[in-house]
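Colleague: If you want the numbering used here, it's the 1-based position in the sequence shown plus 28. Where is the CB? At the ideal position from N, CA and C, for every residue including glycine.
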Amino acid sequence: MATTGSVAVPLLLDGNQLLEYLELEGAYRLAKKAVVDSLVQNYGGRRASYFSVWHEARRP
């Protein structure tokens, strides 16, 4: 069993760095959505919610 967790870390970024970070975060969200969409389509006839598919995809 793997232990997972998260932590909030404040970012001290100037204006340009913040814009670059937000752009990168947006790209990550789009990529994650594309992966989940693909997984949902590949489940075939099963009724699968985004939550259940993403949860399954994250399992080690």
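According to DSSP, simplified to helix, strand and coil, what is Val64?
Modeller: Residue numbering aside, residue 64 sits at position 36 when the sequence shown is read from its first letter. Note: Val64 maps to helix in three-state DSSP.
Colleague: Where does Val81 land, buried or exposed, given buried means 16+ other C-beta within 10 angstroms?
Modeller: Locating residue 81 in the sequence shown gives position 53, where the first residue counts as 1. Classification for Val81: buried.
Colleague: Cα separation between Asn70 and Thr32?
Modeller: Stepping through the sequence shown from its first residue, residue 70 is reached at position 42. Stepping through the sequence shown from its first residue, residue 32 is reached at position 4. Between Asn70 and Thr32, the C-alpha separation is close to 27 Å.
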